[in-house]
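As structure tokens, the structure follows; a few thoughts come after it.
Protein chains: 2
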Amino acid sequence: MLGDLTESQMEALLGSETVARLGCYGNGDVYVVPITFAYENGSVYGHTHDGLKVQMMRAHPRVCLEVDRIEDMAHWQSVIAWGIFEELKGEAAAHAIGLLVERFRPLLLSATALPQHALTALTRRRLDAHGHRAVIYRIVIDTMTGRYEHS
Amino acid sequence: MLGDLTESQMEALLGSETVARLGCYGNGDVYVVPITFAYENGSVYGHTHDGLKVQMMRAHPRVCLEVDRIEDMAHWQSVIAWGIFEELKGEAAAHAIGLLVERFRPLLLSATALPQHALTALTRRRLDAHGHRAVIYRIVIDTMTGRYEHS
């Protein structure tokens, strides 16, 4: 059975998944890249470093996010959302870092036994290994559709 | 440890995964959608019905595919590929259907106990429930990058 997800089912999927596929556009090409994210009140928050994806989103801030949970080919849910990319500074950035640390601490701890101070340092660090500046951002969703299939 | 996948590691990921996220562009917006696919000799083969995604790819045939295998946040592989969308007809379409049936028969059988004749009928059917025409296509990859992280 195929159908549309309700608003609250879409919110639940965004609130429970941690990986989205982000689609941006620039120089005539589409770029799709997996991102980790935290969802709150209609926005997706993320952390990255200055690079191709950020350059494309600055030039063309309307982006697409796809989030899914696929058990098998007959049991899946998928949300496709469009929204506007915004870089965050100051208190807004600190709020986003707090959300991301809360969201990923349990996952990172179980994956790598990373102590909390290391995670906080990681999330707050200003430059990556190539010297690229940290970028904290949100995508303010304006349009969203959701589909599911189950037997 | 972060690193680049080799050509053969990228091929292996494309050959073993069955879900890609396809990014297309049209009317000023990016659209990212999950697709099931079969990979052979530098091309990704798929089956869909006439709709938004196909209209966008006809108008703007260069698309992006993202394929990943994510165990957890510290253990993952990801390939991002760009290529040209082509609709297939006649023998080329029959070859693609054969590939897709071979690829998905074991998965569909285990998921839904669908008999083989039903799967073949499903893959060959001309119209979906909304009367949209079936579209068999391939994306001929011209550029590909791959990254991994493991501990």
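Listed in order, the protein sequences are those of chains A and B.
Per the numbering used here, the very first residue in the first sequence carries number 456; after that it's consecutive.
Per the numbering used here, the very first residue in the second sequence carries number 456; after that it's consecutive.
Using N, Cα and C, we set each Cβ at its ideal position, and we do this for glycine too.
Check: Other residues of its chain near Pro570/A: CB distance less than 7 Å, five sequence neighbours each side excluded; Outcome: Summary for Pro570/A: the model assigns pLDDT 49, below 50, so the residue's position carries little reliability; its value from the coordinates is reported in the next sentence. Hits under 7 Å: none found.
Check: Rounded straight-line distance, which links the Cα of Val474/B to that of Met528/A; Outcome: 9 Å
Check: For Ile525/B, the residue or residues it bridges with in DSSP; Outcome: Trp531/B
Check: With 16 other Cβ atoms within 10 Å as the buried cut-off, status of Leu469/A; Outcome: buried
Check: Cβ shell of Cys519/A (< 6 Å), same chain only, five flanking positions each side left out; Outcome: Gly478, Trp537
Check: Test: Met512/A CB closer than 7 Å to a CB of chain B; Outcome: no
Check: Same chain only: Cβ atoms within 6 Å of Ala568/B, ignoring 5 sequence neighbours per side; Outcome: At Ala568/B the pLDDT is 48, less than 50, meaning the model places this residue with poor confidence; the figure from the coordinates comes in the next sentence. Counting only Cβ-Cβ distances below 6 Å, and skipping sequence neighbours, we find nothing.
Check: For Thr461/A, the nearest candidate out of Ile552/A, Val556/A, Ser533/A, Tyr494/A (CA to CA); Outcome: Ser533/A
Check: Among Gly458/A, Tyr486/A, Ser498/A, nearest to Ile594/A - alpha-carbon criterion; Outcome: Ser498/A
Check: Alpha carbon of Leu500/A to alpha carbon of Arg602/A, nearest angstrom; Outcome: Reading off the sequence shown, one finds Tyr at residue 500/A, where the question assumed Leu. Rounded to the nearest angstrom, the two C-alpha atoms are 23 Å apart.
Check: Beta-carbon proximity check, Glu472/B vs Val487/A, cutoff 7 Å; Outcome: no
Check: Ala493/A beta carbon less than 7 Å from that of Leu554/A; Outcome: yes
Check: Residues bridged to Asp484/B (per DSSP); Outcome: Gly481/B
Check: For Ala568/B, three-class secondary structure by DSSP; Outcome: Caution is warranted here: a pLDDT of 48 is assigned to Ala568/B, below 50, making its placement in the model unreliable, and the coordinate value is therefore given only provisionally. Ala568/B: coil per DSSP, three-state reduction.
Check: Minimum Cβ-Cβ distance from Tyr603/A to chain B less than 7 Å; Outcome: no
Check: C-alpha distance - Thr491/B paired with Arg524/B, whole-angstrom precision; Outcome: 14 Å
Check: Residue-chain proximity (Tyr592/A, chain B), Cβ-Cβ < 7 Å; Outcome: no
Check: DSSP beta-bridge partners of Asp505/B; Outcome: None, per the DSSP bridge assignment.
Check: Cutoff 8 Å; reference Glu541/B; Cβ partners in own chain excluding five residues on either side; Outcome: Pro516, Tyr592, Arg593, Ile594, Val595
Check: Ala549/B classed as buried or exposed, judged by whether at least 16 other C-beta atoms fall within 10 angstroms; Outcome: exposed
Check: Spatial neighbours of Ala547/B in its chain, beta-carbon cut-off 6 Å, leaving aside the 5 residues before and after; Outcome: none
Check: Straight-line gap, Val485/A to Leu507/A (C-alpha atoms, nearest Å); Outcome: 11 Å
Check: Rounded straight-line distance, which links the Cα of Ala589/B to that of Thr503/B; Outcome: 6 Å
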